[in-house]
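Report on one structure; see the data block that follows.
Residue numbers (the working numbering): 28 to 167.
Right under this line is the structure:
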């Protein structure tokens, strides 16, 4: 690679990953809906939580799925049972770490379809998209 080509590449803005762009869009949208965003991109050894919000007295764990094409339903369906289990384990670790086990929780999915040249995406919010299954702290 020539020095000129290398220099030109450094001048171009790095494209923002679609997933991060979608998470920021959803965080702004949720704020406008009255949610308080308390965390984003939280990682534990079990996985990552896209957004953690509070609505009233409920802690809401929000999984964001952003796609360039396909339907909103396809994007929402990408949160399969295995992904749900990882989200629940990660949410439980988050709640334990912050001493929040006594609060009610909810698991939402927000699907975005954001075509290449569109300024705004299509958005589908599914409150209480899934419930934790099994035994443990969520099942008193």
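Glycine included, every Cβ here is placed at the ideal spot set by N, Cα and C. Only a predicted model underlies this, so the values are computations on that prediction, with no experimental measurement involved.
Taking the CB atoms as reference points, tell me whether residue 65 and residue 80 lie closer together than 8 Å. For this step, residue 65 is matched to residue 38 along the chain shown. For this step, residue 80 is matched to residue 53 along the chain shown. Yes. Within cutoff.
I'd like to know whether the C-beta atoms of residue 153 and residue 105 end up nearer to each other than 8 Å. Reading the chain shown from its first residue, position 126 is the one you call residue 153. Reading the chain shown from its first residue, position 78 is the one you call residue 105. No, they are not a contact pair.
Does the Cβ of residue 148 have 16 or more other Cβ atoms within 10 Å, making it buried, or fewer, making it exposed? On the chain shown, residue 148 is found 121 positions in, with the first residue counted as 1. Residue 148 is buried by the Cβ-count criterion.
Thinking C-alpha only, which one of 70, 140, 139 and 119 is nearest residue 159? Taking the first residue of the chain shown as 1, we reach residue 159 at position 132. The residue with the shortest Cα to Cα distance from residue 159 is 119.
Can you tell me whether DSSP reads residue 164 as helix, strand or coil? Looking up residue 164 in the chain shown gives position 137. Note on residue 164: pLDDT 49, under 50, position unreliable in the model; no value is reported.
Quick one: using the 10 Å Cβ neighbour count with 16 as the cut-off for buried, is residue 61 buried or exposed? Against the chain shown, residue 61 aligns to sequence position 34. That one is exposed.
Compute the Euclidean distance between the alpha carbons of residue 85 and residue 77, then round it to the nearest angstrom. The sequence position of residue 85 within the chain shown is 58, counting from 1. The sequence position of residue 77 within the chain shown is 50, counting from 1. Cα-Cα distance, rounded: 17 Å.
Across which residues does DSSP place residue 110 in a beta bridge pair? Taking the chain shown and counting its residues from 1, the one referred to as residue 110 is at position 83. The partner list for residue 110 (beta bridge, DSSP) is empty, contrary to what the question assumes.
Go through its chain and collect everything with a Cβ distance to residue 139's Cβ below 6 Å, but skip five positions before and after it. Against the chain shown, residue 139 aligns to sequence position 112. 49, 93, 148 and 150, listed in sequence order.
Between the CA atoms of residue 107 and residue 100 - distance to the nearest angstrom: Along the chain shown, read from residue 1 onward, the residue named residue 100 stands at position 73. Along the chain shown, read from residue 1 onward, the residue named residue 107 stands at position 80. Approximately 12 Å between the Cα atoms of the pair.
For residue 127, which beta-bridge partners are listed by DSSP? Walking along the chain shown from the start, residue 127 turns up at place 100. DSSP, once it has assigned bridges, lists no residue as partnering residue 127.
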